[in-house]
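In the working numbering, the protein residues as written are 800 to 1342.
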Amino acid sequence: MSDDGNAEDKRAQVSPAESSARESGEGRTEVSPGEGSAPEKPTDSSDWRRLSPRMLLIHPIKEVGRFLPALIAIVVAGSAGGQNWWGLLAAAGAIAFGVLRWFSTRYRFTADQVQLRHGVLNKTTVSAPIGRVRSVDVTASVMHRALGLAEVQIGTGAGEKALKLDGLASSEAAALRGDLLHRVAGAAPEAALDATAPPGDAGEESRGAAAYTTETVVYQLNPAWIRYAPFGPAGLIAALAIVGVGSQFLNESGIGRGEGSLIHGTVNRLAALGVIVAVLAVLIGALVVIVALALLGYLLAFHGFRLTRDGRGGTYHVSRGLLTTRATSLEIRRLRGVEVHRPVPLRWAGGAHLSAITTGVKEDGRGMSSTLTPPSPASVVAATAESVLGQDALAIPIQAHGPAATRRRYTRALGSAVVLAALLVIAAVVWDLPVLGVCAVLPIIGGVLLGRSRAHWLGHAVADRFLVTRSGSISLSTNVIERRGAVGVTVRRSFFQRRAGVATVSLATAAGNKDYPVMDLPQDQVGKLAAQIVPGHVEQFLR
């Protein structure tokens, strides 16, 4: 075939997404990786494409927000010196930097990679091999949703930098998510990666795409379960953050100073009511604030929470969020187990929440990337875990670790309690406050109860597929890890453990926290458990 013929064939190989983009006059040549066909393999630098130009409305706002403290300082300094134009100049610089970010960011798809090039001063190119894609997150803030955009974060490994495409059209982001995970699951033939595939393979690919879009609901959030929100730590953390920021603002602004100020008047009114009434009023007010913030945080983070499994059984898909929506896809073959969290006081309210133990997921600051259920009834969480694991591993009887482990639970809990009680007694003698001496009994009672609870929950179990570990009390967690995911085993014996005749056996894996310990196991059971985790490798070292 002649060169002219080849060029004509290449011009003919245009996906429907690219054709519609050209016809709409957007000035972009974009090929959606979805729509049942893969993007063409780039051949030169002209295949690099820009993100949506609508990001020019978002980048400047984000840059102004990022540099807001510096801008405020510049405006204040300029106002003091009579040069107000410094603030306008700084804001214009931040906006210009946001615009430059869009012009300097490009991406492209090849047959086996997604590549992103960005950087205003320092150019950085990030490549994500399609065969190593472990998870895909699609996030849309309020501004993104208003403009019909989304951010796609592609995770290829826990130790590797994630690739972020911030500024794809919402439909294109959804298609990209489905296409990437569909290919990684191996459902599509290799011909699907080639735009020149014969028409006969298109039917199989279309059937694969249809199977992928068919989803089975594993968990659906019931709005009534918002009642578990106040029993989690989110409300307390949010309240402390607001109190810290508010107190700093009051100190800097001087609003709370002076005889006629609101803060001063409130303090005087509380003091007039008496110490006990004032303390009760403060506690009730703090409790109301914490509950309100917990309910608001739960609603914002988990509104519409839904866990589904695709028709081929290749991925789990989690969608949630009220203002900022987030959709996370986890590859099932990378799943190594689950973790059930039952902290106090959520456990007292009969609740729990579930997270996945998987590879290739980079957690955000709140550990939400691997969440499978928000705080919900414990029975619902257990049923979800059974559906995810394919076995009711949480019903396996837990083996206790014996009297030596129980003594260590009491000893460690009472140690800090005795120290605190001694400090209260010393304070009572020094300040001549007998009430503090009476209060010294409370830490001792709390230590006894804490030790009893820790001893009660400590244990492990070994099944055909899973190792189940359970420990803690205030932050009780049960880990169910597939034994085939073990890459090693660690046996640790501290000085006090050797004296007590116990050891800690840890399953090492590439997923989740990387290390899942079975704490204070009797010495005569260490070799057996280690051999069950990694058969045929550790027996010679533990005889």
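Yeah, the Cβ is synthetic: ideal placement off N, Cα and C, and Gly gets one too.
The structure presented is a predicted model; accordingly, all values stated were derived computationally and were not measured.
- Ranked by Cα distance from Arg-1146, the options Phe-1030, Leu-850, Asp-1231 are led by Phe-1030.
- Considering only Ala-1226, Ser-940, Leu-975, Arg-1297, the residue with the shortest C-alpha distance to Ser-934 is Leu-975.
- Comparing alpha-carbon positions, the option among Arg-1211, Val-1217, Arg-1292 lying closest to Pro-1321 turns out to be Arg-1292.
- Here Val-1016 has Thr-1107 as same chain residues with Cβ atoms under 6 Å from its own Cβ, once five neighbours each way along the sequence are excluded.
- The secondary-structure analysis by DSSP pairs Gly-1246 with nothing; it has no beta-bridge partner.
- Ser-1128 is classed as buried because its beta carbon has at least 16 other beta carbons within 10 Å across all chains shown.
- Runs of the alpha helix (DSSP H) spanning 4 or more residues and lying entirely within the stretch 887-947 occur at 941-945, in chain order.
- In this chain, the alpha helix (DSSP H) harbouring His-858 covers 858-865.
- The criterion of a C-beta distance shorter than 8 Å is not satisfied by Arg-931 and Trp-847.
- Leu-1257 carries a coil assignment under DSSP once its states are collapsed to helix, strand and coil.
- If only complete runs of 4 or more residues are kept, the stretch 1294-1337 shows the alpha helix (DSSP H) at 1294-1299, 1322-1332, in order along the chain.
- Assignment of Thr-955 by DSSP, reduced to helix, strand and coil, places it in the coil class.
- With contacts defined by Cβ atoms closer than 8 Å, Ala-1221 and Leu-1235 do not form a contacting pair.
- In the DSSP assignment, Pro-1176 is bridged to Gly-1150.
- Using a Cβ-Cβ distance cut-off of 8 Å, the stretch 1199-1210 and the stretch 1251-1260 are in contact, since at least three pairs of beta carbons, one from each stretch, lie closer than that value.
- Using a C-beta cut-off of 8 Å, the stretch 1316-1335 makes no contact with the stretch 1137-1155, since fewer than three inter-stretch Cβ pairs fall below that distance.
- DSSP places Thr-1268 inside the beta strand (DSSP E), whose first and last residues are 1265-1270.
- As the crow flies, the alpha-carbon of Arg-907 is around 17 Å from that of Gly-954.
- In terms of Cα proximity to His-1200, the closest of Arg-1211, Gly-1189, Arg-1253 is Arg-1253.
- Taking C-beta atoms under 8 Å as the contact rule, Thr-1277 and Val-1261 fail to qualify, at a distance of about 14 Å.
- Contact between Thr-1172 and Val-1180 holds: their C-beta atoms lie close to 5 Å from each other, under 8 Å.
- Separation of Asn-921 and Ile-929 (C-alpha to C-alpha, rounded to the nearest whole angstrom) is 25 Å.
- Residue nearest to Ala-939 within the set Ile-1025, Thr-1123, His-1102, Tyr-1097 is Thr-1123 (criterion: CA-CA distance).
- For the pair Leu-850 and Thr-924, the CB atoms are not nearer than the 8 Å cut-off.
- In the DSSP secondary-structure assignment, His-1140 is bridged to His-1152, Ser-1276.
- The continuous beta strand (DSSP E) containing Thr-1127 extends over residues 1124-1130.
- Per DSSP, reduced to three states, the secondary structure at Ser-851 is coil, with no helix or strand assignment.
- Bounds of any beta strand (DSSP E) do not take in Ser-1168, whose DSSP letter is neither H nor E.
- Within 10 angstroms of the beta-carbon of Thr-1308 lie 16 or more other beta-carbons, which makes it buried.
- Contact between Gly-897 and Pro-852 does not hold, since the beta-carbon distance rounds to 13 Å and is not under 8 Å.
- Per DSSP, the continuous beta strand (DSSP E) segment holding Ala-968 begins and ends at 962-968.
- Out of Ala-1155, Val-1290, His-1102, the CA that lies nearest to the CA of Val-1279 is found in Ala-1155.
- Just so you know, the alpha carbons of Thr-1303 and Phe-1295 end up roughly 12 Å apart.
- Taking a C-beta distance under 8 Å as the contact criterion, Val-1224 and Ala-1239 qualify as a contact pair.
- According to the DSSP assignment, Arg-1108 belongs to the beta strand (DSSP E) that extends over 1105-1109.
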